[in-house]
Amino acid sequence: MADMQKLVILLKQIEDQLNRCTRCGMCQIVCPLYIQTGMESDVARGKLALLDGLLDNCFDDPYGTFRRLNRCLLCGACQVNCPSRVNTLEIFLKARVILTEIMGLSFGKRLLLRCMLSQPALFDKFVWWGSKLQKIIARPANKVTGTSCGRLLSPFIGSRHFIPIAQVPFHRHSQISNNRQKKNDLKVVFFIGCLIDKIFPKIAQAVVNICKFHKVDLLIPKNQACCGIPAIAAGDLKTFSNLVEQNTDSFASLDFDYIVTACATCTFSIKKIWPMMLPANSALKKKAEKIAAKTFDISEFLIHKVGLPPSSAMSVPKAVESVTYHDPCHLKKSLGIWQEPRALIKASSQVKFLEMTEADSCCGMGGSFNLQYYDLSAKIGSKKAENIRAADCSTVLTSCPACMLQLADILSTPKNNIKVRHVIEIYNNSLNFHNE
Ligand code: SF4
Ligand code: SF4
12 MADMQKLVIL
22 LKQIEDQLNR
32 CTRCGMCQIV
42 CPLYIQTGME
52 SDVARGKLAL
62 LDGLLDNCFD
72 DPYGTFRRLN
82 RCLLCGACQV
92 NCPSRVNTLE
102 IFLKARVILT
112 EIMGLSFGKR
122 LLLRCMLSQP
132 ALFDKFVWWG
142 SKLQKIIARP
152 ANKVTGTSCG
162 RLLSPFIGSR
172 HFIPIAQVPF
182 HRHSQISNNR
192 QKKNDLKVVF
202 FIGCLIDKIF
212 PKIAQAVVNI
222 CKFHKVDLLI
232 PKNQACCGIP
242 AIAAGDLKTF
252 SNLVEQNTDS
262 FASLDFDYIV
272 TACATCTFSI
282 KKIWPMMLPA
292 NSALKKKAEK
302 IAAKTFDISE
312 FLIHKVGLPP
322 SSAMSVPKAV
332 ESVTYHDPCH
342 LKKSLGIWQE
352 PRALIKASSQ
362 VKFLEMTEAD
372 SCCGMGGSFN
382 LQYYDLSAKI
392 GSKKAENIRA
402 ADCSTVLTSC
412 PACMLQLADI
422 LSTPKNNIKV
432 RHVIEIYNNS
442 LNFHNE
């Protein structure tokens, strides 16, 4: 039985924030989950009411509350649409940490987060073995999206279509060296992120090429760890803090002006979640705040800190590709970045840009939400797939590798002819490297 007295004391930390909710219900109209289920416990208002109930001793079911809190994409749509400016994401994450402190981590999460994710070398080995085994346990599903589907894996992953793990993760590429140009004042650290490193190394290579083209001094610290979002989403503050510390240590000896990432979720995590979730006045929080202020999404960095090259620096297009763009929730809703990726797309020489309907609606990924609630995730995704198809494009672009996984899955039907790519890949292909 959970210690209810201790729980109430801990929940007092977020009482002021909970009290801001006026129960107006404006979050209902934008919550992708509530739109599917119509269940009050799925929307922010219902989740906040449950936390209030625990705090006021109206009921004593922290387990049920935790389960309902976890049924959330952490997309931030409720926060953006809240007239009372309730910081729902901060409340949800802090409440998950508090409830986990009372109830403990499950064995599976402990194994995955504390024994695997927090030890990058071990995690790397585990994923490497997965890359070898996947040929036996999965088979190609869709050539255009590059997805596979389960063979022996079907009992565990159902009908999912997934992008296979890369045979060589980016950090093991022999050609990686710090890309020191010595011609430009800008010194930039590249935070790779797990998905780009292990599934989409070509995106990381595009970042390296682009920085070289723009004569940006790019540093790629070794020993980078996960940005910590899977840990904090599971309520595991200990693993989260450990990962932030490993990352801040890996940057500590470097002299740099900015950190760039090509992953919307990593950018959101470093800029917002690191300073928000670390204990007040701790040395680590102070370090994290400094790093957060220097962190940029790659398209934001290129547009605001580097500038676009003249059209003469772009390659002559061989063919024009019609593209649309999906706004990752963590980039647009949480960080207000949506114009910059579009500016990069429009600057790219071989594309015709077509805006899709509801480009900023959630794709349904939501990290571990997709693993736990695949049916709901797929239902949310099917609306996104409809909008992508209606845009009449040959490629859907985005700025988040997690969204790319979901988009590839929802588009992987037998007749699909729409590719999924990162904005930065298109921009990289447009640059005329012979003119450097
Ligand atoms: S929109 Fe904001 S104030 Fe209104 S019910 Fe939702 S969280 Fe509460
Ligand atoms: S974060 Fe997204 S899924 Fe979660 S309650 Fe808010 S709108 Fe709904």
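One rule links them: number in my numbering = place in the sequence shown (from 1) + 11.
Yeah, the Cβ is synthetic: ideal placement off N, Cα and C, and Gly gets one too.
Remember, predicted model here, so these are calculated numbers, not experimental data.
TODO: May I ask you to report which of helix, strand or coil DSSP gives Asn428?
DONE: coil
TODO: Give the straight-line distance between the Cα atoms of Trp285 and Thr306, rounded to the nearest whole angstrom.
DONE: 12 Å
Open item on the list: For Ile231 and Ala217, what's the separation of their Cα atoms in angstroms?
Closed with: 14 Å
Task: Buried versus exposed call for Val331 [16 or more other C-beta atoms within 10 Å across all chains shown] - done: exposed
Open item on the list: Would Val271 and Phe312 qualify as a contact pair, given that the criterion is a beta-carbon distance under 7 Å?
Closed with: yes
Open item on the list: Taking 8 Å as the limit between beta carbons, can you name the residues of its chain near Arg171, skipping five residues before and five after?
Closed with: Cys160, Gly161, Tyr385, Asp420
Open item on the list: Using CA atoms only, rank isn't needed, just tell me which of Ala275, Ile309, Lys283, Glu256 is closest to Ala294.
Closed with: Glu256
Task: Burial state of Gln383, where buried means 16 or more other Cβ atoms lie within 10 Å - done: exposed
Task: Per-residue burial, Gly87 [other beta carbons within 10 Å of its own, 16 or more giving buried] - done: buried
TODO: Pull up the CB-CB distance for Leu289 and Lys282, whole angstroms please, since I reckon it's below 8 Å.
DONE: About 13 Å; that fails the 8 Å criterion.
Open item on the list: Just verifying my parser: in three-state terms, what is the DSSP assignment at Gly63?
Closed with: Before going on, a small fix: residue 63 reads as Asp here, not Gly. In the structure shown, Asp63 sits in a helix (DSSP, three-state: H, G or I).
TODO: In angstroms with no decimal places, state the Cα-to-Cα distance between Asp53 and Ile46.
DONE: 9 Å
Open item on the list: Does Arg31 come out as helix, strand or coil in the three-state DSSP assignment?
Closed with: coil
Task: Residues of its chain near Lys120, where Cβ-Cβ distance is below 6 Å and the 5 sequence neighbours each way are ignored - done: Ala245
- [ ] Just the C-alpha distance for Gly377 and Cys83, rounded to the nearest angstrom, thanks.
- [x] 8 Å
- [ ] With a threshold of 16 other CB atoms inside 10 Å of the CB of Lys430, please say whether the residue is buried or exposed.
- [x] buried
Open item on the list: Among the candidates Ala304, Asn153, Ile399, Ser326, whose CA atom is the shortest distance from the CA of Val334?
Closed with: Ile399
Task: Test item: CB-CB of Asp308 and Lys343 under 7 Å - done: no
Task: Rounded C-alpha distance that separates Asn253 from Phe137 - done: 20 Å
Open item on the list: Taking the alpha helix (DSSP H) that Ala149 belongs to, which residues open and close that run?
Closed with: Where Ala149 is concerned, there is no enclosing alpha helix (DSSP H), although the beta strand (DSSP E) it sits in stretches over 149–153.
Open item on the list: With a threshold of 8 Å on Cβ separation, who are the neighbours of Tyr336 within its own chain once the five nearest residues in sequence on each side are excluded?
Closed with: Pro352, Arg353, Ile356, Phe364, Glu366, Met367, Ala370, Val407, Leu408, Thr409, Val434
Task: Straight-line Cα distance separating Ala389 from Pro151 - done: 20 Å
- [ ] For the beta strand (DSSP E) holding Asp308, just list the boundary residues, first then last.
- [x] 306–308
- [ ] Output the distance between the C-alpha atoms of Gln186 and Ala275, rounded to the nearest integer angstrom.
- [x] Unreliable placement is indicated for Gln186, whose pLDDT of 48 sits below 50; the coordinate value is still reported in the next sentence. Rounded to whole angstroms, Gln186 to Ala275 spans 26 Å at the Cα level.
Open item on the list: One question on the structure: do Cys411 and Lys395 come within less than 7 Å of each other, judged by their Cβ atoms?
Closed with: no
Task: Segment limits, beta strand (DSSP E) that includes Glu51 - done: Unbroken run through Glu51: none, as it is neither H nor E.
TODO: Return the chain-ordered list of same chain residues with a C-beta closer than 7 Å to the C-beta of Val200, the five sequence neighbours on each side being excluded.
DONE: Leu230, Pro232, Phe262, Leu265, Phe267, Ile270
TODO: Would you tell me roughly how many angstroms separate the C-alpha atoms of Cys404 and Gln130, rounded to the nearest one?
DONE: 41 Å
Task: Environment of Arg56 [buried if 16+ CB atoms lie within 10 Å] - done: buried
Open item on the list: What does DSSP give as the partner residue(s) for His182 in the beta ladder?
Closed with: In the DSSP output, where bridge partners are listed per residue, His182 has none listed.
TODO: Consult DSSP for Asp228 and reduce its assignment to one of helix, strand or coil.
DONE: strand
TODO: Just mark Gln235 as buried or exposed, buried being the case when its beta carbon has 16 or more other beta carbons within 10 Å.
DONE: buried
Open item on the list: What would DSSP say about Lys233, mapped onto helix, strand or coil?
Closed with: coil
Task: Ile270 in three-state terms, based on DSSP - done: strand
TODO: Would you kindly check if the distance between the Cβ of Asn439 and the Cβ of Asn220 is under 7 Å?
DONE: yes
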